[in-house]
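A.B. asks:
Protein chains: 2
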Amino acid sequence: MLTERQQLILSSIIDDYIRSAEPVGSRSISKRGDVSFSPATIRNEMADLEELGFLEQPHTSAGRIPSIRGYRYYVDHLMKREAVTDNELNAIRSFFTGRMMEMEQVIQHAAMIMSNMTNYTSIVLGPDSVNQALKHFQLVPLGGDKAVAIVVTNTGHVENRTVTIPPDLEMNEIEQAVRFFNDKLSGVPLTRLKSRLFSEAGEEMGRYADQCEGLLRLLDQALTPEHDGRLFLSGTTNILTQPEFKDVDKVKTLFSLLEETPALLRLFSSLPQGLQVRIGTENDHEAIANCSLITATYAIDGQPLGTIGILGPTRMDYGRVISLLGVFGSSLQLLRPGQ
Amino acid sequence: MLTERQQLILSSIIDDYIRSAEPVGSRSISKRGDVSFSPATIRNEMADLEELGFLEQPHTSAGRIPSIRGYRYYVDHLMKREAVTDNELNAIRSFFTGRMMEMEQVIQHAAMIMSNMTNYTSIVLGPDSVNQALKHFQLVPLGGDKAVAIVVTNTGHVENRTVTIPPDLEMNEIEQAVRFFNDKLSGVPLTRLKSRLFSEAGEEMGRYADQCEGLLRLLDQALTPEHDGRLFLSGTTNILTQPEFKDVDKVKTLFSLLEETPALLRLFSSLPQGLQVRIGTENDHEAIANCSLITATYAIDGQPLGTIGILGPTRMDYGRVISLLGVFGSSLQLLRPGQ
DNA sequence: ATTAGCACTCCACTCCAACGAGTGCTAACA
DNA sequence: TGTTAGCACTCGTTGGAGTGGAGTGCTAAT
Chain B
1337 MLTERQQLIL SSIIDDYIRS AEPVGSRSIS KRGDVSFSPA TIRNEMADLE
1387 ELGFLEQPHT SAGRIPSIRG YRYYVDHLMK REAVTDNELN AIRSFFTGRM
1437 MEMEQVIQHA AMIMSNMTNY TSIVLGPDSV NQALKHFQLV PLGGDKAVAI
1487 VVTNTGHVEN RTVTIPPDLE MNEIEQAVRF FNDKLSGVPL TRLKSRLFSE
1537 AGEEMGRYAD QCEGLLRLLD QALTPEHDGR LFLSGTTNIL TQPEFKDVDK
1587 VKTLFSLLEE TPALLRLFSS LPQGLQVRIG TENDHEAIAN CSLITATYAI
1637 DGQPLGTIGI LGPTRMDYGR VISLLGVFGS SLQLLRPGQ
Chain R
1337 MLTERQQLIL SSIIDDYIRS AEPVGSRSIS KRGDVSFSPA TIRNEMADLE
1387 ELGFLEQPHT SAGRIPSIRG YRYYVDHLMK REAVTDNELN AIRSFFTGRM
1437 MEMEQVIQHA AMIMSNMTNY TSIVLGPDSV NQALKHFQLV PLGGDKAVAI
1487 VVTNTGHVEN RTVTIPPDLE MNEIEQAVRF FNDKLSGVPL TRLKSRLFSE
1537 AGEEMGRYAD QCEGLLRLLD QALTPEHDGR LFLSGTTNIL TQPEFKDVDK
1587 VKTLFSLLEE TPALLRLFSS LPQGLQVRIG TENDHEAIAN CSLITATYAI
1637 DGQPLGTIGI LGPTRMDYGR VISLLGVFGS SLQLLRPGQ
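Chains as they are written, first to last, in my numbering: chain B, 1337 to 1675; chain R, 1337 to 1675.
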């Protein structure tokens, strides 16, 4: 579709623009070592590329900047993955060779490394409950009618919440139920837990039907996931160094989005496995219409666990970020909690 | 020290400045209903107030703005606490009359309400471990040499972390130790836990000295607090609406601070009980030299538990924020988890 | 097909004058 | 003696004119 020369010129323009954040003119391209044509020739090609929708002109007599479509073509066909230096590689790996850490901490660290290395904002989505199974369940009475319900998963993740104990329940009934619960439901995926609970309970405890109701309500309450503490942000201030955010209003709309957990979760939902690049308006959220989001899912022991995303301006260094995310994904696989 | 008239004028200037964020001139003060002097007279007083250090002039021929000292005097002597409307009161209270929530959520909600109502940024510090006691301790094996250690406190707070089990320990030894641990140390304040552990253990288990070592190391590991997930921010974007932050660089230094948990914790450490107003450079951190931080400690059942802080520009609405924090503190006392 | 040359466009920057808000001072006044 | 009117002065802000420069599109020459 594009001639070799057009590809070369497009790629040069985008590379330049990523570095400088300023419209790229024909002269500066021609001065590069890898393009040996005169500015005039390049101008002709640039006009063609603009007609094809790969470039844009902020105004007559300015240079060209890439359009969304231009970035897309660049990412799909032209971009060179930037080599990751040994230093960076070691920095990433060192976090995983150290002592075992709590899952949430690993994730938080992951977010931090990535934002530091890229100078963009990183957003990490923790383990999805879909892929976790029950390891252990427990109720710790607090006194009064309150208790803490604790759910430990096979990945070492711990969920806890405070529940109210129905007044008509005896302590030993509860203990018995918890024991039963652990016996029968250990190893069941979290998502199936509730339905399995009701079916098993109906079978086994049918005879005490009326007493069970309060108990079931209690367990139901304990298993309803309360919060999604699965989202970690890091390096949000990095984005402020980008020239496209020298205007406070733009910062505000972006940060409002970052503060709104549900909106972020929606952004991350329905992402495919593996690496995904969403450029500008390809993200269906107005606030990041001039941002790009690069996401990668990560896995432990082949089980998909979460998603890590790097958010930067559309003019972000795709090659570098994609390479780093690649290393990162493979490093996380080294980690095997609970084994 | 200040004459009645000087107080009236100072207070008018500060009120005006808080509203407008612009230097206040003599004419605009004189036009207010409550000051019945001519601009000239007011100018004289303003000159005096400037000499005394309560006002500043950005440049000749601009109006006056309050100095740190001026704000301090205002807060200590002049400010009127703004009445909290019934609507606001209800909004605050409604959060506590609802169903019992997990502690962390209550705190997060608290932060959100306060930032919404004030349009400033709120920072909430969760329960301090100093004032919590052990309710229940448990180890849940994950398979391999890993286990999750769970500590439940009397306030319903749950701490958990992944630990490595020393290879020379038998399962039943551990179970026994945990039982012993719960028997002897339940009710002991978290801060004393470690020393009590070692003294009790030395006494009781002296005879198995060598086996105990691995076990003690395990418990020690489990009790070392790993993360401080006690800090919640809300409404960080609110500060962007303030005209003093129209410059991105200022936003950046402030947000860098907000992103750095340890620095924030330092800011909050060594705060006295009750309400505290820190104006501008009274906070010993450069990044908030032109911000004010109003903090209040809150308590449950008379036990001091945490701190809530409102961060805004020095030109913040002290009267309103202080009133709201007052209501807030007393509302939280209604809450009684674990009773 | 490529390139040199040239006229043209448009932004960014600087300079400057006009403006206005506010001050300090002085003299008049109650 | 305290208060106020008047006035000259200061200084930041605003808007318009002028200028330089980067970059383009077109044309004609190679």
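All residues carry an ideal CB built from backbone N, CA and C; glycine is no exception.
Please tell me whether R/V1460 has its Cβ less than 8 Å away from any Cβ of chain B.
C.D. replies: No, R/V1460 does not count as interfacial toward chain B.
A.B. asks: Pick from B/L1593, B/Y1634, B/V1411 and B/L1475: whose alpha carbon is nearest that of B/S1354?
C.D. replies: Checking the displayed sequence, the identity of residue 1354 of chain B turns out to be Ile instead of Ser. Closest option to B/I1354, Cα to Cα, is B/V1411.
A.B. asks: Do you know how far the Cα of B/I1404 is from the Cα of B/N1391?
C.D. replies: A small fix is needed here, since residue 1391 of chain B is Leu in this sequence, not Asn. C-alpha separation (whole angstroms): 9 Å.
A.B. asks: On the three-state DSSP scale, how would you describe B/S1570?
C.D. replies: If DSSP states are grouped into helix, strand and coil, B/S1570 belongs with the strands.
A.B. asks: Is B/S1458 helix, strand or coil when you go by DSSP?
C.D. replies: Three-state result, B/S1458: strand.
A.B. asks: Pull out every residue of the segment 1374–1408 of chain B whose Cβ sits closer than 9 Å to any Cβ of chain R, in chain order.
C.D. replies: Hits within the stretch: zero.
A.B. asks: Leaving aside the five residues before and after R/H1563 along the sequence, list all residues of the same chain whose C-beta is less than 7 Å from its C-beta, in chain order.
C.D. replies: Note on R/H1563: pLDDT 48, under 50, position unreliable in the model; no value is reported.
A.B. asks: I'd like to know if R/E1595 contacts chain B, where contact means its C-beta is closer than 8 Å to some C-beta of that chain.
C.D. replies: So, interface residue.
A.B. asks: In its own chain, which residues sit with a C-beta less than 6 Å from the C-beta of R/G1434, not counting the 5 before and 5 after it?
C.D. replies: Caution is warranted here: a pLDDT of 49 is assigned to R/G1434, below 50, making its placement in the model unreliable, and no coordinate value can be reported.
A.B. asks: Under 8 Å by Cβ, that's how I've got B/T1498 and B/V1484 pegged, so tell me the actual separation to the nearest angstrom.
C.D. replies: Indeed, because the Cβ distance is near 6 Å, the residues count as touching under 8 Å.
A.B. asks: Decide if the segment 1395–1409 of chain B is in contact with the segment 1423–1430 of chain B; the criterion is three or more beta carbon pairs, one per stretch, under 8 Å apart.
C.D. replies: No, they do not touch.
A.B. asks: In the structure shown, what three-state DSSP assignment does B/G1655 receive?
C.D. replies: In the structure shown, B/G1655 sits in a helix (DSSP, three-state: H, G or I).
A.B. asks: Considering only their Cβ atoms, is the gap separating B/N1626 from B/T1589 smaller than 8 Å?
C.D. replies: Not a contact, by the Cβ cut-off of 8 Å.
A.B. asks: Under 8 Å, with one C-beta from each stretch per pair, do the segment 1568–1580 of chain R and the segment 1444–1461 of chain R reach the 3-pair mark?
C.D. replies: Contact holds: three or more Cβ-Cβ distances are below 8 Å.
A.B. asks: Any C-beta of chain B within less than 8 Å: which residues of the segment 1469–1491 of chain R qualify?
C.D. replies: Within the segment 1469–1491 of chain R, the residues whose Cβ lies closer than 8 Å to some Cβ of chain B are K1471, H1472, Q1474, V1476, L1478, G1479, G1480, K1482, V1484, I1486, V1488 and N1490, listed in chain order.
A.B. asks: Listed in chain order, which residues of the segment 1599–1610 of chain R have Cβ atoms closer than 7 Å to some Cβ of chain B?
C.D. replies: Going along the segment 1599–1610 of chain R in chain order, one finds no residue with a Cβ nearer than 7 Å to chain B.
A.B. asks: With a CB to CB cut of under 6 Å and the five nearest residues on each side skipped, what residues in its chain are close to R/G1462?
C.D. replies: Excluding residues within five positions, the ones whose Cβ falls inside 6 Å are I1443, R1566 and G1642.
A.B. asks: R/H1489 lies in the beta strand (DSSP E); which residues open and close that run?
C.D. replies: One point to set straight first is that residue 1489 of chain R is Thr, not His, in the sequence displayed. K1482 to T1489 is the span of the beta strand (DSSP E), which, as asked, contains R/T1489.
A.B. asks: Is R/L1590 helix, strand or coil by DSSP?
C.D. replies: In this structure, R/L1590 counts as helix in the three-state DSSP scheme.
A.B. asks: According to the neighbour-count rule (16 or more other Cβ atoms, all chains shown, within 10 Å of its Cβ), is B/N1423 buried or exposed?
C.D. replies: By the 10 Å Cβ count, B/N1423 comes out exposed.
A.B. asks: What first and last residue would you give for the beta strand (DSSP E) that runs through R/L1611?
C.D. replies: Start and end: L1611 to I1615.
A.B. asks: If we ignore side chains and look at the alpha-carbon of each, how far apart do R/L1526 and R/A1469 end up?
C.D. replies: Whole-angstrom Cα-Cα distance: 5 Å.
A.B. asks: Quick check on B/F1696 - is its C-beta less than 8 Å from some C-beta in chain R?
C.D. replies: Given that chain B is displayed from residue 1337 to residue 1675, the structure contains no residue 1696 of chain B and the question cannot be resolved.
A.B. asks: Short of 9 Å Cβ to Cβ, which residues in the segment 1493–1525 of chain B face chain R?
C.D. replies: Result list: H1493, V1494, N1496, R1497, T1498, V1499 and T1500.
A.B. asks: Under a three-way DSSP split, which group does B/T1498 fall into?
C.D. replies: Strand at B/T1498.
A.B. asks: If you draw a straight line from the alpha carbon of R/D1481 to that of B/F1473, how long is it in whole angstroms?
C.D. replies: Rounded to whole angstroms, R/D1481 to B/F1473 spans 20 Å at the Cα level.
A.B. asks: Can you grab the Cα-Cα spacing for the pair B/H1621 / B/Y1407, in whole Å?
C.D. replies: Taking the straight line joining both Cα atoms gives about 18 Å.
A.B. asks: Determine the burial state of B/Q1675: buried for a count of at least 16 other Cβ atoms within 10 Å of its Cβ, exposed for fewer.
C.D. replies: Residue placement at B/Q1675 cannot be trusted, given a pLDDT of 35 that sits under 50; the coordinates are not used to answer.
A.B. asks: May I have the straight-line CA-CA distance separating R/L1593 from R/K1530, to the nearest angstrom?
C.D. replies: Approximately 33 Å between the Cα atoms of the pair.
A.B. asks: Between R/T1454 and chain B, is the shortest Cβ-Cβ distance under 8 Å, so that the two count as touching?
C.D. replies: No, its Cβ sits nowhere closer than 8 Å to a Cβ of chain B.
A.B. asks: Grab the span of the alpha helix (DSSP H) containing R/A1623 for me, first residue to last.
C.D. replies: Segment: none, R/A1623 is in no alpha helix (DSSP H) and carries neither H nor E.
A.B. asks: Quick one: give me the first and last residue of the alpha helix (DSSP H) that B/Y1409 is part of.
C.D. replies: First-last of the alpha helix (DSSP H) with B/Y1409: I1404 to Y1409.
A.B. asks: Go ahead and label R/R1341 buried or exposed: buried means 16 or more other beta carbons lie within 10 angstroms of its beta carbon, across all protein chains shown.
C.D. replies: Under this definition R/R1341 is an exposed residue.
A.B. asks: Could you pull the DSSP bridge partners for R/Y1353 from this structure?
C.D. replies: The partner list for R/Y1353 (beta bridge, DSSP) is empty, contrary to what the question assumes.
A.B. asks: Taking the alpha-carbon positions, what's the R/S1691 to R/P1503 distance?
C.D. replies: Beyond the ends of chain R as shown, which are 1337 and 1675, falls residue 1691 of chain R; an answer cannot be given.
A.B. asks: Classify B/G1674 as helix, strand or coil using the three-state DSSP reduction.
C.D. replies: Residue placement at B/G1674 is flagged as unreliable, the pLDDT there being 38, under the threshold of 50; a coordinate-derived value is accordingly withheld.
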